[in-house]
Amino acid sequence: MHIDTDGGGSEGQTAAVRLDAGEACLVLRPDQIIAYQGAPQGREDRFLNPSGMYRKKLWVESRLSGPARFVLGVPPGYYLKTLELQEESSLLFDMEHVLFYSENLRLQSRLLHTKEAFVSRDWVRMKFSGGGTLGLVSSGPLCGLTLHPEQPLYVDTGCLVAYPEEAKLRLCVYGNTLASQRMNYQWEITGTGSILVQPAGERGRGGGPLKRESLLRRVLREVLPFGSVWIK
7 MHIDTDGGGS
17 EGQTAAVRLD
27 AGEACLVLRP
37 DQIIAYQGAP
47 QGREDRFLNP
57 SGMYRKKLWV
67 ESRLSGPARF
77 VLGVPPGYYL
87 KTLELQEESS
97 LLFDMEHVLF
107 YSENLRLQSR
117 LLHTKEAFVS
127 RDWVRMKFSG
137 GGTLGLVSSG
147 PLCGLTLHPE
157 QPLYVDTGCL
167 VAYPEEAKLR
177 LCVYGNTLAS
187 QRMNYQWEIT
197 GTGSILVQPA
207 GERGRGGGPL
217 KRESLLRRVL
227 REVLPFGSVW
237 IK
């Protein structure tokens, strides 16, 4: 899989993806596919089973197989970043940020602790293993930060995109009284490896790819003919 990106931020962004013969890619937001070149049968949209719907927070995904080329569009204000995950990667991801991934990656569910689930409003994070390419969408350029096993790193709860499975997280605030009263809740994180953070913590802002939708709206958009056109 070969990916070329262009633009970003206020201009919007595009990603041109080329798949060679024998390669396949899963796109979790099919409406972000704005151009495709390849055999018509090379794109297969399919409904997820109940387990997949819950894990991926979606109803439909697209499987695109090579040889083919396609272009993904990212709205203004959002950024696309591709990661090459190693075989031994232990990062846990919020699936709201995942736009696409190579089919050779394996997904594994990881249940969150009660406090983590309460803050993130989700009980599951996803681990990708097996090595491959992952495309992430965020509300700003992603930043990687290195963890320390004893010296905590404090991160706004709304800005954390991915963290190692072995990391220890604790909900807290820090600083003096004024600082702790004015800040959002923070994750105190210790461990080894790196985390990924986004600069803006508003989840579900204004109609972008990270917005949260009602169950009824999702069902109608996927079930009705041209639902994605009429229901925004």
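Each number in our numbering corresponds to the 1-based position in the sequence shown with 6 added. Just so you know, even glycine gets a beta-carbon here, dropped at the ideal spot from N, CA and C. Remember, predicted model here, so these are calculated numbers, not experimental data.
Check                                                                                                                                                            : Outcome
By how many angstroms is the C-alpha of G137 removed from the C-alpha of L111?                                                                                   : 6 Å
Since Y84 contacts S144 with CB under 8 Å, what's their CB separation in whole angstroms?                                                                        : 7 Å
Hey, how far is the Cα of K174 from the Cα of I195?                                                                                                              : 6 Å
From the DSSP output, which residues share a beta bridge with L86?                                                                                               : V143
Apart from the five residues just before and just after T152, which ones in its own chain have a Cβ nearer than 7 Å to its Cβ?                                   : S200
Just to confirm, are I39 and T88 a CB contact at a threshold of 9 Å?                                                                                             : no
Quick one: grab the DSSP three-state call for Q67.                                                                                                               : Residue identity check: residue 67 is Glu in the sequence provided, not Gln. Three-state DSSP puts E67 in a strand.
Quick one: measure Cβ to Cβ for S71 and A30, integer angstroms, because I've assumed they're closer than 8 Å.                                                    : 4 Å
Only counting the same chain, and skipping five residues up and downstream in sequence, which positions put a Cβ closer than 7 Å to that of L34?                 : K62, L64, E67, V104, L105, F106
Ordered along the chain, which non-local residues of its own chain (more than five positions away) have a Cβ less than 6 Å from that of R188?                    : none
According to DSSP, what are the bridge partners of E156?                                                                                                         : None, per the DSSP bridge assignment.
Could you tell me whether the Cβ atoms of S115 and P170 are closer together than 9 Å?                                                                            : no
In chain order, what residues of the same chain have a beta carbon less than 7 Å from the beta carbon of R49, not counting five sequence neighbours either side? : Y42, S68, L70
Alpha carbon to alpha carbon, what distance is there between Q47 and G28?                                                                                        : 14 Å
Count the other CB atoms within 10 Å of the CB of G181; is the residue buried (16 or more) or exposed (fewer)?                                                   : exposed
Going by alpha carbons, who is nearest to M101 out of H154, D12, E90, L113?                                                                                      : L113
Comparing alpha-carbon positions, which option in D162, Q92, Q204 lies nearest G150?                                                                             : Q204
Give me whichever residues DSSP pairs with Q114 in a beta bridge.                                                                                                : K133
What does DSSP give as the partner residue(s) for Q38 in the beta ladder?                                                                                        : Looking at the DSSP assignment, Q38 forms no beta bridge with any residue, so it has no partner.
Roughly how many angstroms separate the alpha carbons of M59 and T183, rounded to a whole number?                                                                : 43 Å
Measuring only the C-alpha atoms, how far is R75 from L140?                                                                                                      : 17 Å
Does DSSP put G44 in a helix, in a strand, or in coil?                                                                                                           : strand
Under three-state DSSP, which class holds E17?                                                                                                                   : coil
By the 10 Å Cβ neighbour count, where 16 or more other Cβ atoms means buried, how is Q192 classified, buried or exposed?                                         : buried
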